[in-house]
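Taking it in order: structure first as structure tokens, then the write-up.
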Amino acid sequence: MYMILITLALGAFMIWWLFRPEKRLREMGNKIPGPKAYPIVGNIFNFNLYGINGPKDWKECIEKYGPTFRVWLGPQLHIIIAEPEDIQALSSKTLITKSDAYSALQPWLGTGLLLSTGELWQRRRKAITPTFHFKILDQFVPTFSKCANTLLKVLKDKVGKGFFPLTHIISDCALDSVAETVMGTELNAMTNPIGEYPTAIERMTLLLMEKIKNPLLGMEPHYTLSGRRKKEKHLLNILFSLPLEVIRKKEIENIDVRDDSDASGDAVLGVKRKAALLELLLKMKRDKVPAFQTEKDVKDEVITFMFEGHDTTTSSLTFAIWILGKHQDVQEEVYREVSEILVGQEPTYEDFQKMTYLDRVLKESMRLYPAVPIVARQATHDVVLPHNGYTIPKGAYLNVMIYPLHRREDLFPDSEKFNPDRHLKPHKHAYAYIPFSAGPRNCIGQKFAMLNMKVIISSLLLSYKIESNDDLIVYPELLLRTKKGPYIRLTPRN
Ligand code: HEM
211 MYMILITLAL GAFMIWWLFR PEKRLREMGN KIPGPKAYPI VGNIFNFNLY
261 GINGPKDWKE CIEKYGPTFR VWLGPQLHII IAEPEDIQAL SSKTLITKSD
311 AYSALQPWLG TGLLLSTGEL WQRRRKAITP TFHFKILDQF VPTFSKCANT
361 LLKVLKDKVG KGFFPLTHII SDCALDSVAE TVMGTELNAM TNPIGEYPTA
411 IERMTLLLME KIKNPLLGME PHYTLSGRRK KEKHLLNILF SLPLEVIRKK
461 EIENIDVRDD SDASGDAVLG VKRKAALLEL LLKMKRDKVP AFQTEKDVKD
511 EVITFMFEGH DTTTSSLTFA IWILGKHQDV QEEVYREVSE ILVGQEPTYE
561 DFQKMTYLDR VLKESMRLYP AVPIVARQAT HDVVLPHNGY TIPKGAYLNV
611 MIYPLHRRED LFPDSEKFNP DRHLKPHKHA YAYIPFSAGP RNCIGQKFAM
661 LNMKVIISSL LLSYKIESND DLIVYPELLL RTKKGPYIRL TPRN
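Numbering (my numbering) for the sequence shown: 211 to 704.
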């Protein structure tokens, strides 16, 4: 008996010794307030970063330790940050390194903009930024409108049949819009939702989330023996084959995309005809722009944009449509605005810029339901946070907590209330409202996303009245998820 106890104690000591945090990290981390941490496991059993209990744990800790505190997840020091002043300090140019949590995405997204770092990221970001100029976005309006019209046709089947779940339909719509604008290819996920590519995206996202939530599942030999590695390989084959096929076809076509300048003299990638982002990337490859030398560089970027543009838009759009169904007065106000602006003619980019109320509605929906609830970074050097003067040691994981930040009473009075007009005035701090993140690594596709969402919501409201049932229980994964639903019901307007 004694032998067993001694062996167990020795085993526990060995595990602690092997996995204990480095002394400096431990000492500096423990100077920052946070919940009581236990040997080896730290706060794994009394704090959830992700999952259904996440929001409750964050709220309790923020109330007890303030908006910036620390937790130990095993040997990892995690700094939880819901303080605009600290977020601003961390969003400086030097802190652009993504946390290890993103490494699960690496086999899929490669060195695309989301995951790349350092000089490569800087070069790519600089090269791609002009492709999101309004002159380019302007050309995407007909594609977004076409997808919105297909959505209306798909929804026709649902009318008069009670409440139905929204997420899948919106996901297929977002996928179609992004595939056509990024790759110049019609996927038709809405009309063929069980197609190979949409199904592979969904299955790959589930597989990744499993790995992120439980890193042990992703470790070898378990990953291979459990059959997950084989499944991942199979899904990656499908996810790579379509973009590669399109890239090769378009390279042969050698689309004519010319450089241009806008009135202010800024360089803009102008186009002689409607061009997808892929064609602009291929032009950079032909021009030997340093960050886009190889087919893989172009493929990684196309896949990154397909991934980043699809799930985030799905989540934000779904919440926005659901919230409009909950607030009939707001819905009618948006309907009035949209019907005054869209009078018969083909909608244009300028029309959607005039929809200022819808703009505020989307902003408020993203405040309450930010698609990306947590943005994770890693400290590449020690940094002093301005709010409480805490020194964050190099190596710590930094979690910018967008969801609880957006619900802070002192920053957004009556914070649980849906009130689009709170966005009429500047927010209390420039970094208090950050659904698209902030600083140099903010979302490059935010104008694209806002435009796409406006096109879809306006065409939906012109045809239907929306009603929503049930309140939502939301929880954080890579994206904000709902336990059930959301469900909506549609009634034709005329
Ligand atoms: C409402 C929809 C969207 C939301 C809420 C959103 C939100 C975000 C957030 C929070 C980040 C920072 C992620 C991080 O640092 O970990 C991000 C990055 C990014 N987003 Fe979006 N996004 C949306 C739509 C889009 C679209 C439509 C595209 C492209 C077509 C896109 C492309 C990207 C890319 C490439 C990055 C990485 C940027 C970099 O690191 O330089 N996003 N997005």
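Yeah, the Cβ is synthetic: ideal placement off N, Cα and C, and Gly gets one too.
Starting from the C-beta of residue 693, find all residues in its chain whose C-beta is less than 6 Å away, skip the five residues before and the five after it, and write them out in chain order.
-> 683
Does the stretch 666–675 come within contact of the stretch 605–614, defined as at least 3 CB pairs closer than 8 Å?
-> no
Could you round the C-beta distance between residue 517 and residue 392 to whole angstroms and report it? I think they count as a contact, below 8 Å.
-> The pair is not a contact, with the Cβ atoms about 10 Å apart (cut-off 8 Å).
Within 7 Å, strictly: CB atoms of residue 687 and residue 260 = For residue 687 and residue 260, yes; Cβs fall inside 7 Å.
Identify every run of the alpha helix (DSSP H) within the stretch 389–435, keeping only runs that are complete inside it and at least 4 residues long; order them along the chain.
-> 406–423 and 432–435
Between the C-alpha atoms of residue 404 and residue 421, what's the straight-line distance to the nearest angstrom?
-> 24 Å
Distance, Cα to Cα, residue 474 vs residue 658?
-> Bear in mind that the predicted position of residue 474 carries a pLDDT of just 41, short of 50, making it unreliable; the figure below should be weighed with that in mind. So the alpha carbons of these two residues sit roughly 21 Å apart.
Kindly give me the distance between the Cβ atoms of residue 253 and residue 245, rounded to whole angstroms, as I take these residues to be in contact under 8 Å.
-> With a Cβ gap of about 6 Å, residue 253 and residue 245 count as contacting.
In terms of residues, what are the limits of the beta strand (DSSP E) holding residue 677?
-> Looking at the DSSP string, the run of the beta strand (DSSP E) that includes residue 677 is 674–678.
Do you know offhand how far residue 220's Cα is from residue 213's?
-> Near 10 Å, if we compare the C-alpha coordinates of residue 213 and residue 220.
Secondary structure at residue 481, three-state DSSP: helix, strand or coil?
-> Note on residue 481: pLDDT 43, under 50, position unreliable in the model; the coordinate value appears next. The answer is coil: DSSP assigns residue 481 none of H, G, I, E or B.
Quick one: grab the DSSP three-state call for residue 440.
-> helix
With C-beta atoms as the reference, is residue 311 less than 7 Å away from residue 589?
-> no
Where residue 494 falls: helix, strand or coil (DSSP) | helix
Which one of 696, 701 and 703 has the shortest CA to CA distance from residue 376?
-> Among 696, 701 and 703, the Cα nearest to that of residue 376 belongs to 696.
Just the C-alpha distance for residue 476 and residue 411, rounded to the nearest angstrom, thanks.
-> Per-residue confidence for residue 476 stands at a pLDDT of 41, beneath the threshold of 50, marking its modelled position as unreliable; no derived number is given.
Just checking my contact of residue 522 with residue 486 at CB under 8 Å: how many whole Å lie between their CB atoms?
-> Not confirmed; about 19 Å, so no contact.
What are the start and end residues of each continuous alpha helix (DSSP H) run of 4 or more residues lying completely inside the stretch 560–607, in chain order?
-> 566–578
Considering residue 520, what are the terminal residues of the alpha helix (DSSP H) in which it resides?
-> 505–536
In the DSSP assignment, what are the bridge partners of residue 685?
-> 691
Ends of the beta strand (DSSP E) at residue 287?
-> Run containing residue 287: 286–291, per the beta strand (DSSP E) assignment.
Rounded C-alpha distance that separates residue 599 from residue 295 | 11 Å
Just mark residue 429 as buried or exposed, buried being the case when its beta carbon has 16 or more other beta carbons within 10 Å.
-> exposed
Would you mind giving the Cβ-Cβ distance between residue 524 and residue 381, rounded to the nearest angstrom? I have them listed as a contact below 8 Å.
-> 4 Å
Cβ of residue 448 within 6 Å of any heavy atom in the ligand HEM?
-> no
Range of the contiguous beta strand (DSSP E) that encloses residue 650 = Judged by DSSP secondary structure, residue 650 falls outside any beta strand (DSSP E); it is assigned neither H nor E.
For residue 414, I'd like the list of residues in its chain whose CB is within less than 7 Å of its CB, leaving aside the five on either flank, ordered along the chain.
-> Annotation for residue 414: 318, 445 and 449 place their beta carbon closer than 7 Å to its own, counting only its chain and skipping 5 residues before and after.
Compare the C-alpha of residue 530 against each of 374, 569, 505 and 263 and name the closest.
-> 569
Quick one: Cα of residue 584 to Cα of residue 546, how far?
-> 35 Å
Looking at residue 576 and residue 664, is the spacing between their C-beta atoms short of 7 Å?
-> no
Any 3 or more C-beta pairs closer than 8 Å across the stretch 280–291 and the stretch 608–616 | Touching, yes, given that three or more Cβ pairs across the two stretches are closer than 8 Å.
Tell me which same chain residues have a C-beta within less than 7 Å of the C-beta of residue 501, skipping the five on either side of it?
-> Closer than 7 Å at Cβ, skipping near neighbours: 330, 333, 334, 337 and 507.
First and last residue of the beta strand (DSSP E) that includes residue 700?
-> Residue range 697–702 is occupied by the beta strand (DSSP E) that includes residue 700.
Residue 597 versus 277, 625, 559 and 241, residue with shortest Cα-Cα distance | 277
Should residue 385 and residue 520 be called a contact, given that it needs their Cβ atoms to be closer than 7 Å?
-> yes
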